[in-house]
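For what it's worth, this note's numbering labels the leading residue of the sequence shown as 2, then goes sequentially. Don't be surprised by glycine CBs; every beta carbon is placed ideally from N, CA and C. From a predicted model like this one, the values you see are computed outputs, not experimental measurements.
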Amino acid sequence: MEAEPPLYPMAGAAGPQGDEDRLGVPDGPEAPLDELVGAYPNYNEEEEERRYYRRKRLGVLKNVLAASAGGMLTYGVYLGLLQMQLILHYDETYREVKYGNMGLPDIDSKMLMGINVTPIAALLYTPVLIRFFGTKWMMFLAVGIYALFVSTNYWERYYTLVPSAVALGMAIVPLWASMGNYITRMAQKYHEYSHYKEQDGQGMKQRPPRGSHAPYLLVFQAIFYSFFHLSFACAQLPMIYFLNHYLYDLNHTLYNVQSCGTNSHGILSGFNKTVLRTLPRSGNLIVVESVLMAVAFLAMLLVRPGMGSGQSVKQSVLGLCGAAYRPTEEIDLRSVGWGNIFQLPFKHVRDYRLRHLVPFFIYSGFEVLFACTGIALGYGVCSVGLERLAYLLVAYSLGASAASLLGLLGLWLPRPVPLVAGAGVHLLLTFILFFWAPVPRVLQHSWILYVAAALWGVGSALNKTGLSTLLGILYEDKERQDFIFTIYHWWQAVAIFTVYLGSSLHMKAKLAVLLVTLVAAAVSYLRMEQKLRRGVAPRQPRIPRPQHKVRGYRYLEEDNSDESDAEGEHGDGAEEEAPPAGPRPGPEPAGLGRRPCPYEQALGGDGPEEQ
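Below, the structure is given as C-alpha cells:
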C-alpha cells in the first residue's frame with residue numbers, strides 16, 4: 002500500500018511535484034537566494050495601500066459607534082438612576098421608614114446643587130484637563146466619574162452622595178467638550194483616509210481644502226446624536242419595569258392639584274407627598290442598582306482608549322475608541338504652554354462668530370431642561386399622573402433620535418436650514434403651550450402630550466446636531482476645537498444653572514424667557530451667516546507655536562518645572578550642555594539611498610527626527 006503524499010511538500014526535498022514549484026523556481030539547495038528573501042512576486046502596492054486605508058476608515062467608523070454607544074449608556078444610566086432616586090426620596094413614607102431623620106430632602110437639594118452649580122467653573126479647568134490627559138482619556142475618566150456616582154447609591158449618605166455629585170458636576174463639561182472634539186476629529190481623519198491619493202500628490206504637510214470634511218462631519222454628528230437621544234428612552238427602563246409597579250394612580254397623586262400647564266406655578270404644586278403604594282424591598286433596589294452599575298462599566302469599556310502600538314489584539318478588544326490625535330500632535334497641543342491653554346478660551350470671545358452663537362448655546366441648555374421639567378412634569382405628570390412620565394420621555398427620546406438623522410439634509414440643503422427649522426418647530430410649540438392648560442386627572446388629551454413631546458424632540462435634535470456640525474465646520478483647526486466645544490458646553494451649563502435657579506417661577510414666565518431667547522438666538526445666528534456671506538473676516542486669537550526640544554525620540558519642555566535648584570544651576574552629566582537657541586531643525590529628508598521607515602510614513606514624515 003502506497004503512502005499518501007504530504008499535504009505540503011517538504012523544503013529541500015524533491016516531492017511528488019518535482020524539483021520546481023509552480024513559478025518555475027527550483028527547490029532545495031539550488032534555489033536562488035534572491036527568490037527566497039526577495040519581495041513577493043504577486044505583490045500589488047496599490048491594492049495593499051487601498052486595503053490599508055480601508056481598514057483605517059473602518060477603524061474610524063468603529064470609533065464613532067463606540068463613542069456614541071458609550072455616551073448613550075452613560076447618560077441612560079445617570080438619568081435613570083437620578084430619576085428613580087428623586088421619586089423614592091420624594092415619598093414621605095419611604096424617607097421615614099428607610100432613613101428616619103437623616104434629612105434626605107436636604108441631601109437631595111445639595112446633591113442637585115452640586116450637579117448644577119459646579120459646571121459654572123468648568124471654563125477654568127476643562128481645556129487644561131483635555132490637553133493634559135488627551136481627548137480619549139478625558140472621555141474615559143469622565144465616564145468613570147459617572148460610574149462613581151452610580152456606585153455611591155449603594156450607601157446613600159451625605160458623605161457619599163454630595164461629594165460624588167460635585168465630582169459629577171465637574172465632569173459634565175469636560176465629557177461633552179471631549180466628545181464633540183472627538184467626533185469632529187474622526188470626521189477629519191475619515192476624510193484624510195478617503196482622499197489619501199490627493200494628499201500624496203499635494204504633500205502630507207499641506208492642509209486639505211476648507212470644509213472638505215463637512216459631509217463626513219454631518220453623518221458622524223447625526224449618528225452620535227441619534228444614539229445619544231436614545232439615552233432618555235434607556236433611562237425609563239427602571240421606571241417601566243420596576244418602579245411603576247409601586248406607584249399610586251393619578252387619582253391619589255393628583256388629588257390636590259388644581260392647575261396645570263401654563264397656569265401652573267413652580268414644579269408640581271399640590272402634588273401628593275406619598276406616591277408609593279408599597280415600599281420596594283432593599284434587595285430589589287440593590288439588583289436594579291447593580292444592573293445600572295454593570296451598564297456603567299460597559300460604557301467605560303466602550304470609551305476606553307483603544308489599541309496602541311504596543312498592545313496586542315486581545316488587549317484591544319476591551320478598548321474600542323482609538324486616538325483622536327497622533328502622539329506627536331498631542332505633545333504639540335500641550336506644549337503651547339499651560340498659561341496659554343488657560344487663557345485661550347477667553348481670548349476666543351474676540352471672534353464675532355462665537356459671540357453671535359452664544360444665544361443659541363444658552364437656548365440649547367434651556368430647551369433640554371424644559372423638555373424634562375416643563376413638558377414632562379408641568380404639562381405631563383401634572384395632568385396624567387406620575388405613572389405616565391416614562392412614556393412621555395420615551396416619546397421625546399424616539400422623536401429626537403429619529404429626527405437626528407434629519408441633520409443629513411444638510412448634505413443637500415443650505416447650511417442654515419436644519420438649525421432654523423429646529424428653531425421654528427420649537428417656536429410654534431412654545432406659542433401653543435403658552436395658551437394651553439390641560440385639566441388635571443383627564444386622559445382624553447394625553448395624545449396631545451405625546452405629540453408635543455415627540456415634536457419637541459424633533460426640534461432638540463435639529464438644534465443639537467446643527468450646532469455641533471456648525472462648530473466643526475467653522476473651526477476645523479485641530480488646535481482650537483477643544484476650546485470651542487468647551488465654550489459651547491460651558492454656556493449650556495450656565496443655562497442649565499439658570500433653569501435650576503428659576504425652577505419656582507410661573508410657567509408663563511418660563512415660556513416667555515424661552516421664547517425671547519429662541520428669537521434672539523435665531524436672529525443672531527442669521528446675522529452671523531450674513532456677515533460670513535459678506536466676507537467679514539473673524540478675529541481669531543493666535544495659537545502659540547509649540548515650545549519644546551527634541552532629544553532622541555522624546556519631547557522635553559524648555560522649562561522643566563520639576564527640576565530642583567541644584568539641577569537648574571549645575572545640571573547632570575548628559576544634560577549639562579544646552580542645545581543652541583534657534584528654530585527647531587526639521588526632519589532630515591530621505592536621500593537616494595534611504596527610504597522612510599513604515600513608522601515615519603504613518604506619521605507623515607520623510608525621515609528620522611534629530612537624534
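Of the listed residues the options, nearest to residue i (C-alpha basis)
{"i": "N64", "options": "L321, A401 and F371", "result": "L321"}
{"i": "I88", "options": "K532, N245 and P360", "result": "N245"}
{"i": "G1", "options": "S447, R543 and P328", "result": "The chain is shown only over 2 to 612; residue 1 falls outside these bounds and no answer can be derived."}
{"i": "L434", "options": "K509, F486 and M301", "result": "K509"}
{"i": "Y326", "options": "K479, V517, Y526 and H90", "result": "K479"}
{"i": "C373", "options": "S398, R356 and P360", "result": "S398"}
{"i": "M112", "options": "Y160, I131, A123 and Y95", "result": "Y160"}
{"i": "V129", "options": "Q344, F141 and Q531", "result": "Q344"}
{"i": "S110", "options": "I131, Q86 and E97", "result": "Q86"}
{"i": "S505", "options": "S69, A166 and L378", "result": "L378"}
{"i": "S461", "options": "P239, L430 and V443", "result": "L430"}
{"i": "A300", "options": "M240, T279 and L142", "result": "L142"}
{"i": "V289", "options": "Y256, M240 and S270", "result": "M240"}
{"i": "G386", "options": "F221, L519, T254 and E50", "result": "T254"}
{"i": "L412", "options": "L358, S213 and P120", "result": "S213"}
{"i": "F436", "options": "C261, L410 and W448", "result": "C261"}
{"i": "G170", "options": "K532, W491 and P545", "result": "W491"}
{"i": "A70", "options": "R528, D333, M114 and L231", "result": "L231"}
{"i": "H427", "options": "L410, V359, T518 and W448", "result": "T518"}
{"i": "I342", "options": "Q84, L516 and I131", "result": "I131"}
{"i": "A538", "options": "E530, Y242 and V292", "result": "E530"}
C-beta contact flag for residue i and residue j at 9 Å
{"i": "F371", "j": "V500", "result": "yes"}
{"i": "Y380", "j": "A455", "result": "no"}
{"i": "L471", "j": "R416", "result": "yes"}
{"i": "L176", "j": "T263", "result": "no"}
{"i": "E93", "j": "K274", "result": "yes"}
{"i": "S621", "j": "Q493", "result": "Residue 621 lies beyond the residue range present for the chain, which begins at 2 and ends at 612; the question has no answer from this structure."}
{"i": "A521", "j": "F367", "result": "no"}
{"i": "A188", "j": "S405", "result": "no"}
{"i": "Q482", "j": "T127", "result": "no"}
{"i": "R354", "j": "L475", "result": "yes"}
{"i": "G400", "j": "C235", "result": "no"}
{"i": "R52", "j": "I108", "result": "no"}
{"i": "V61", "j": "K198", "result": "no"}
{"i": "G408", "j": "G467", "result": "yes"}
{"i": "G72", "j": "V304", "result": "yes"}
{"i": "V144", "j": "A297", "result": "yes"}
{"i": "K57", "j": "Y194", "result": "yes"}
{"i": "Q237", "j": "V418", "result": "no"}
{"i": "A172", "j": "Y155", "result": "no"}
{"i": "Y247", "j": "L277", "result": "yes"}
{"i": "L149", "j": "A168", "result": "yes"}
{"i": "A324", "j": "V421", "result": "no"}
{"i": "Y79", "j": "V151", "result": "yes"}
{"i": "G181", "j": "G458", "result": "no"}
For residue i, the first and last residue of its enclosing alpha helix (DSSP H)
{"i": "M240", "result": "L238 to Y242"}
{"i": "Y100", "result": "E93 to Y100"}
{"i": "K509", "result": "M508 to R535"}
{"i": "I116", "result": "L105 to V118"}
{"i": "Q222", "result": "A215 to F229"}
{"i": "R186", "result": "Y159 to S195"}
{"i": "R132", "result": "A123 to F134"}
{"i": "I677", "result": "There is no way to answer for residue 677, as the model of the chain reaches only from 2 to 612."}
{"i": "D483", "result": "Q482 to L502"}
{"i": "H357", "result": "Y353 to L370"}
{"i": "R335", "result": "P328 to R335"}
{"i": "N341", "result": "W339 to K348"}
Counterpart residues of residue i in DSSP-defined beta bridges
{"i": "C322", "result": "P306"}
{"i": "L414", "result": "Answer is none; L414 lacks a bridge partner."}
{"i": "H266", "result": "H507"}
{"i": "L74", "result": "Note: L74 sits in no beta bridge, so no partner."}
{"i": "L248", "result": "L277"}
Give, in chain order, every unbroken run of the alpha helix (DSSP H) that is at least 4 residues long and sits entirely within the stretch 372-453.
390-405 and 417-435
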